[in-house]
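Numbering (our numbering), first residue to last: 402 to 489.
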């Protein structure tokens, strides 16, 4: 996995542009355990996990596989830079 932390609070906007405009399948992963219904049911829903919450709310997971071509990888990097500059 290739994970990025977005500091400007525009993760969702960035992801929409990458997915819909640039056709790069990026996703959000690593859902904090305290947000799962089972953990809430067990009494852990109100757990104070600021680092996990902040990371989850600001992370993007990019496709990254050994079979990716250099061309695909470079396109992903170039497109991400373009979107970041556009939403600066």
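Ideal placement from N, C-alpha and C gives every residue a C-beta, glycine not left out.
Predicted, not measured: the structure shown is a model, and the values here were computed from it.
For the stretch 420-467, the continuous alpha helix (DSSP H) assignments of 4+ residues that do not extend past its boundaries occur at 438-442, 451-459, in sequence order.
Assigned with DSSP and collapsed to three states, residue 407 falls in coil, not helix or strand. Here the stretch 462-471 makes contact with the stretch 424-432; the two share three or more CB pairs at distances below 8 Å.
Between the stretch 444-461 and the stretch 470-478 there are fewer than three C-beta pairs closer than 8 Å, too few to call the two in contact. Rounded to whole angstroms, residue 433 and residue 457 show a C-alpha spacing of 7 Å. The distance from the Cβ of residue 486 to that of residue 415 is about 11 Å, inconsistent with a contact at the 8 Å cut-off.
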